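Here's the structure, in structure tokens; my notes come after.
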Amino acid sequence: MSESFDLLIVGVGGQGTVLASNIIGESCLIEKRSVRSAETHGMAQRGGSVETHIRIDGKYGSLISPGTADLIISFDLLEALRYSHFLKKGGKIISSSGIIVPVSAFQQNLEIPTPEELIERMSGFDLTVIDAEKIAGEAGSLLSQNVVMLGASASALPLKVESMTEAVQSLVPPKTVEINTRAFEYGFKAAQNNIS
663 MSESFDLLIV GVGGQGTVLA SNIIGESCLI EKRSVRSAET HGMAQRGGSV
713 ETHIRIDGKY GSLISPGTAD LIISFDLLEA LRYSHFLKKG GKIISSSGII
763 VPVSAFQQNL EIPTPEELIE RMSGFDLTVI DAEKIAGEAG SLLSQNVVML
813 GASASALPLK VESMTEAVQS LVPPKTVEIN TRAFEYGFKA AQNNIS
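What follows is the structure, encoded as structure tokens:
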């Protein structure tokens, strides 16, 4: 098989992009599909930008070229805009409505666009925005926002919801399985209902 499903997961350090990519990878292994991934990041531990490239099926390397991603999952609206040039025509962006102000912008007292302005700048894309923070809180932990975003993206991925749920349950810390399972389900429902 030469065609791959190309996915980019983006966010900032500390948001759980690595765990999210591991859950996608585990889902692929459960379904006996090939998967390749690569992470690139700057000062991730200090809130720097983090990106994970994931290619499901296909025969080529793990890095995705600009203009070729089928799906971008973004944990932050600023990061969604920053990486939107990776999306191919007909691709989709699923983003959290949250914004983490970059340290450099904060230190220089720079004006940050509002969520509405960022969404307007991405008006040419197939964009779904959900309030992952609110949904994670309803699920029982703000730390589950990354799993909420995976749930919200499940129907856009070429993976079974059951495989993703199984991967979540096997990779999150044992004491958080119930909360993260709920977070995944709530995220899935939010995207299906196109609500935040």
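Here the sequence shown stands for residues 663 to 858, numbered as in the numbering used here.
Heads up, the beta-carbon is just placed ideally off N, CA and C, and yes, glycines get one too.
It should be emphasised that the depicted structure is a prediction, and the values quoted were computed from it without experimental measurement.
Looking only at 852, 851, 844 and 827, the smallest Cα-Cα distance to residue 690 is reached by 827. Per DSSP, reduced to three states, the secondary structure at residue 783 is helical. A residue is called buried when at least 16 other Cβ atoms come within 10 angstroms of its Cβ; residue 745 meets this threshold and is buried. Residue 813 and residue 849 do touch by the CB rule: their CB atoms are close to 3 Å apart, below 8 Å. For residue 733, the uninterrupted beta strand (DSSP E) segment begins and ends at 731-736. Beta bridge pairing from DSSP links residue 788 with 754.
Residue 843 carries a helical assignment under DSSP once its states are collapsed to helix, strand and coil.
Remark: C-beta atoms of residue 753 and residue 733 approach each other more closely than 8 Å. Residue 715 counts as buried, since no fewer than 16 other beta carbons sit within 10 angstroms of its beta carbon. Annotated three-state conformation of residue 776 is coil, per DSSP.
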